[in-house]
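Presented below is the structure to which this report refers.
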Amino acid sequence: MSVAIVENVFIHNGHLIIHMKIHTGERLHKCNQCDKAFTRNGDLCRHKKIHTGEKLYQCNKCDKTFSLNGNLIRHLGTHTGKKPYQCNQCDKAFSQNSVLITHIRTHIGEKPYQCNQCDNTFSQIVILYNI
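Residue numbers (my numbering): 1 to 131.
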């Protein structure tokens with residue numbers, strides 16, 4: 001594996017290492033309440049909230065609660081209705097620029113994230129990690 005390929009596909013070398021664990025089946029982070037195991041500790045921490053039902057983040061506009069702060073922030077955009085990020089190829093608009101960028105890839109067929117183990121390519125890095 002060459003460094004040039006890694007730099008073109010992954011933002012950080014650590015992302016490649018995590019992705020490679022998917023292919024080796026290495027899952028060191030095990031849930032103590034069920035049989036699930038995860039490649040990343042952060043995924044285990046999120047998973048554990050399923051067992052506890054913990055939802056620390058509450059919307060101040062409605063009664064919805066969330067286990068992750070990022071989900072609350074994304075939800076808050078539903079109350080404003082603002083979608084300032086407009087696709088220049090269709091009539092869709094988005095509340096977040098990152099979602100627009102991902103959407104644009106559907107028009108151009110761009111799949112910039114490549115796995116060097118199986119040569120599949122993906123439009124989103126999160127899909128690369130979750131195969």
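Even for Gly, the Cβ is constructed at its ideal location relative to N, Cα and C.
For clarity, every value in this text was computed on a predicted model and none was experimentally measured.
Between the alpha carbons of residue i and residue j, how many angstroms are there, rounded?
i      : j      : result
Cys100 : Gly42  : A small fix is needed here, since residue 100 is Leu in this sequence, not Cys. Straight-line Cα distance between these residues: approximately 26 Å.
Thr106 : Asn71  : 23 Å
Met1   : Leu28  : Note on Met1: pLDDT 37, under 50, position unreliable in the model; the coordinate value appears next. Each residue's Cα considered, the two are about 24 Å apart.
Gly25  : Cys90  : 41 Å
Cys31  : Cys45  : 9 Å
Gly109 : Asn120 : 14 Å
Asp35  : His51  : 12 Å
Ile17  : Tyr85  : 33 Å
Gln117 : Ser123 : 17 Å
What does DSSP give as the partner residues of residue i in its beta bridges?
i      : result
His29  : Phe38
Tyr57  : Phe66
Gln124 : DSSP output for Gln124 lists no bridge partner at all.
Gln86  : Ala93
Gln114 : Thr121
Of the choices the options, whose alpha-carbon is the least far from that of residue i?
i     : options                       : result
Lys82 : Cys90, Gly70, Leu72 and Gln96 : Gln96
Gly77 : Gln86, Cys90, Phe94 and Ile17 : Phe94
Asn69 : Lys49, Pro84 and Tyr85        : Lys49
Once you ignore the five residues that flank residue i on each side, which residues in its own chain have a CB closer than 8 Å to its CB?
i      : result
His79  : Cys59, Lys61 and Cys62
Glu7   : For Glu7, the predicted model reports a pLDDT of 39, less than 50, meaning its position is unreliable; a value from the coordinates is still stated below. Excluding residues within five positions, none has a Cβ falling inside 8 Å.
Ala4   : The pLDDT assigned to Ala4 is 32, lower than 50, so where the model puts this residue is not dependable; a value taken from the coordinates is nonetheless given after this. Hits under 8 Å: none found.
His103 : Cys87, Lys92 and Phe94
Residues in the same chain with beta-carbon distance under 7 Å from residue i, minus the five sequence neighbours each way, listed in chain order, please.
i      : result
Phe66  : Lys55, Tyr57, Leu72 and His75
His19  : Cys115, Leu128 and Tyr129
Ile125 : Tyr113
Lys21  : Thr39
Lys64  : His75
Tell me the residue span of the alpha helix (DSSP H) that contains residue i.
i     : result
Lys21 : Asn13 to Thr24
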